[in-house]
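Okay, so here's the structure we're looking at.
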Amino acid sequence: MTSGSRSIAHTNQPSFGISAWEDRAMPVEKFLGFVTPLMRRSLRLAVPLAVVVASGCTGVVGGSPLDSTEPAAECGATPALTKPRIWRLTKSQLANTLRDEFDIEPAALSNLPDEARLDGFANQASHLRIAPLLAEVYFALGEELGAHALQNPDKFGIACDVASLAPGSCLDGFVATTGQKLWRRPLSATEVASLGALFTKTAAQGEGPAGGVKSVVQALFMSPSSLHRTELGTVKDTAAVTTLTDHEIASALSYLLWDSAPDAELTALADQGMLRDRTVLLAQAKRLFEERDKAAPALNHFFEQWLELDNLSNAVKDASLFPMAAPELTADLKEELRLFTNSVLFDEGADRRFDSLFTGTYAFVNERTAPLYGLSGVTGDAMVRRELDPAERRGILTSLPFLWGHAHTQDTNLVGRGAYVRGEILCHRLTLPPGGVPNAGQFAQPGATGRQRLGIHASPACAGCHRLFDGIGFALESYDAIGRFRTTDQGQEIDASGNLPLPSEKNKAPGIVFSNFVELVDELAQKPDVYGCFAQQFAAYASGYDFPEIDACERERLVDEFARSQHAIDQLVLSVIASPSFIDRRN
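Counting the sequence shown from 1 gives a position; our numbering is that position plus 425.
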């Protein structure tokens, strides 16, 4: 791990059955013989997490995809493709799959931890390992699913009485149906026979047909084919391009747009070998996107992560300083964020353009949150749309969810707000150098404003970094730690002016000059940086890689197509799906 990087390293975390992908007909007994003892002793194993967050300020600035110091890529006709891989399902994907396929929300899901992340999205494939504790939860989920099969046999393809279940067509139908739902592909005859043998063996050991059903369901669920998505294709020759199988493509599409397993129509097309036809693939992508009930929650999940608001409920404020900021308001703010993004993407008449998300002057409020916007006359719990003062608010970055979530318990987190915008809205992440950073507050007089407290950043040792994002933070000082607009801090008038060097303009001073944050947003809306960064952020979410890891030519193509579409988010989704890297890999 490079000094100064922000990342999470997982050690001693085995991935169960990964080697089995080279032999997809791995006997179930062999798999269970490996995984079960390991799961049983998992609670006795320590799983260290090495979290390195270096801090400091030396004036050394890290590179970025949009940093003009990056050499221009030479893009040829042959696209750069990533290697085949397997990709563990996230907590939400697993929960949605079990709900959609079997109508169950297992109690053990509450014990499943959220994915840890710092830079990038929670679904990054390289971070999705299976630690022993996670395996223990999976085992409990498998037990619940097995019990659910006995109570709801029709959902598992059991067409006969469970008590009379025996080798034959009914058993094979159960195995094939449940296997198709959990593995998202048809089972081979060898796999069906192996699972049938497991049923017979379990039943003969005194557990009867019911025990056999539970064993089969657990085996199917605990298999790598269930807990992981594969991107392996069919060609194994070294350096050869391999196109994903149709069922792998179906899963790639459904987990991107629905965060869940393929539905019957998508599965049928995969069975027919139709999804490698890009015309069919894009038609299905449009269909899935238009299914609001499933697509909206999945895209909301993306926006929550991009804005780093997925843990908004943990952003508690100091009640002595903010008596109106009750902890339960975070549920209202999460709902506001959901309604706002849906109004751009899924509501009737939505233009689906990023510009509306970035510069809109309205919000969804109820009687608890309206006063934070300075609005009156709103009553009740229901969220209603209201126009905001355009001199004070502009787009998602001046919304209560963003401002509340990117503030500390007692103050505004001036540096953190600015660094977030620089890194995740402009895609110019700064490498945090090693060494300690002094607390700027210790050099300030009592009652100093945020700008005054950070006067130390003007020193040569700090200015190289902080000139790139402190100006953003100073402008956001117009909004307090719970998102209210203000003109004074510590009894003094806030100076929200500043300048912002842009990555696309080689970071040359003065860059954008502004007197407040609304002006800054309006100026950014005229520049390519924000739009290009958003295109790369969505590509990162869709691919399971962090955006610096995506091929430069691929990024360039997506940014160009997003610009040509006038920043239409639905067209960006289609551009990602239409790219060669969506269905092709190189060994």
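C-beta atoms are modelled at their ideal positions from N, C-alpha and C, and glycine is treated no differently.
Original post:
Across which residues does DSSP place Glu656 in a beta bridge pair?
Top reply: Arg510
**OP:** Kindly indicate the opening and closing residues of the alpha helix (DSSP H) around Gly896.
**Re:** 895 to 900
Subject >> Reference Leu813, options Arg554, Ile994, Arg909, Pro504, closest by Cα >> reply: Arg909
Original post:
Taking the alpha-carbon positions, what's the Phe987 to Leu999 distance?
Top reply: 10 Å
Subject >> 6 Å CB neighbourhood of Val741 in its chain, flanking five on each side removed >> reply: Pro752
Original post:
Thinking just about the alpha-carbon of each residue, which of Gln697, Leu737, Asp688, Ser738 is nearest to the one in Ala720?
Top reply: Asp688
**OP:** Keeping to the same chain, check which residues put their C-beta closer than 7 Å to that of Thr670; ignore five residues upstream and five downstream.
**Re:** Gly658, Thr659
Original post:
When DSSP labels each residue in this structure, what does Asp1009 get in the three-state scheme?
Top reply: strand
Subject >> Whole-number beta carbon distance between Leu682 and Leu713, since they are thought to touch under 8 Å >> reply: 4 Å
Original post:
Cα separation between Lys711 and Leu678?
Top reply: 10 Å
Subject >> Beta-carbon spacing of Ser676, Arg654 below 8 Å >> reply: yes
Original post:
Ser685 to Leu514, Cα distance in whole Å?
Top reply: 9 Å
Original post:
CA-CA distance, Tyr680 and Asp947?
Top reply: 35 Å
Subject >> Spatial distance of Thr692 from Glu673 (CA atoms) >> reply: 10 Å
**OP:** Excluding the 5 residues preceding and the 5 following Ser738 in the sequence, name in chain order all residues of the same chain whose CB lies nearer than 6 Å to its CB.
**Re:** Thr755
Original post:
When DSSP labels each residue in this structure, what does Ile937 get in the three-state scheme?
Top reply: strand
**OP:** Spell out the partners DSSP gives Gly923 in its beta bridges.
**Re:** Phe939
Original post:
Relative to the alpha-carbon of Thr797, which residue among Arg876, Leu519, Ala816, Leu825 has its alpha-carbon at the smallest distance?
Top reply: It should be noted that the sequence gives Leu, not Thr, for residue 797. Nearest of Arg876, Leu519, Ala816, Leu825 to Leu797, Cα basis: Leu825.
Original post:
If you check the beta carbons only, do Asp976 and Gly545 fall under 8 Å apart?
Top reply: no
**OP:** Would you kindly work out how many angstroms separate the C-alpha atoms of Ile555 and Leu652, rounded to a whole number?
**Re:** 10 Å
Subject >> Identity of the residue in Leu997, Gln917, Ser922 nearest Ala900 by Cα >> reply: Ser922
Original post:
Counting along the chain, where does the alpha helix (DSSP H) carrying Phe581 start and finish?
Top reply: No alpha helix (DSSP H) holds Phe581; DSSP gives it neither H nor E.
Original post:
Could you give the distance in angstroms between the alpha-carbon of Asp757 and the alpha-carbon of Asp772?
Top reply: 19 Å
**OP:** Label Leu593 either buried or exposed according to how many other C-beta atoms from any shown protein chain fall within 10 Å of its C-beta, with 16 as the threshold for buried.
**Re:** The amino acid at residue 593 is misidentified as Leu; the sequence shows Gly. By the 10 Å Cβ count, Gly593 comes out exposed.
Original post:
Is DSSP giving Phe546 helix, strand or coil here?
Top reply: coil
Original post:
Rounded to whole angstroms, how far is the Cβ of Gln835 from the Cβ of Asp743, which I believe are closer than 8 Å?
Top reply: 5 Å
Subject >> Top-ranked residue by Cα proximity to Leu570, from Cys887, Leu623, Phe827, Leu534 >> reply: Leu534
Subject >> Closest residue to Gly872 among Asn521, Ile919, Glu526, Arg1010 (Cα-Cα distance) >> reply: Ile919
Subject >> Nearest to Ile897 (by Cα), restricted to the options Tyr845, Gln915, Arg854 >> reply: Tyr845
Original post:
Roughly how many angstroms separate the alpha carbons of Leu620 and Pro634, rounded to a whole number?
Top reply: 13 Å
**OP:** Give a yes or no on whether the C-beta atoms belonging to Arg811 and Tyr787 are separated by under 8 Å.
**Re:** yes
**OP:** Go to Arg703, then tell me how far its alpha helix (DSSP H) extends in each direction, as first and last residue.
**Re:** 703 to 715
Original post:
At what residues does the beta strand (DSSP E) containing Tyr970 begin and finish?
Top reply: It is not in any beta strand (DSSP E) - Tyr970 carries neither H nor E in the DSSP assignment.
Subject >> Rounded separation between Thr912 and Arg818 - CA only >> reply: 13 Å
Subject >> Own chain, CB closer than 8 Å to Ala532, minus 5 neighbours either side, in chain order >> reply: Glu569
Original post:
Quick one: what's got a C-beta closer than 8 Å to Gln962's C-beta in the same chain, skipping five residues either side?
Top reply: Trp731, Glu849, Cys852, Phe972
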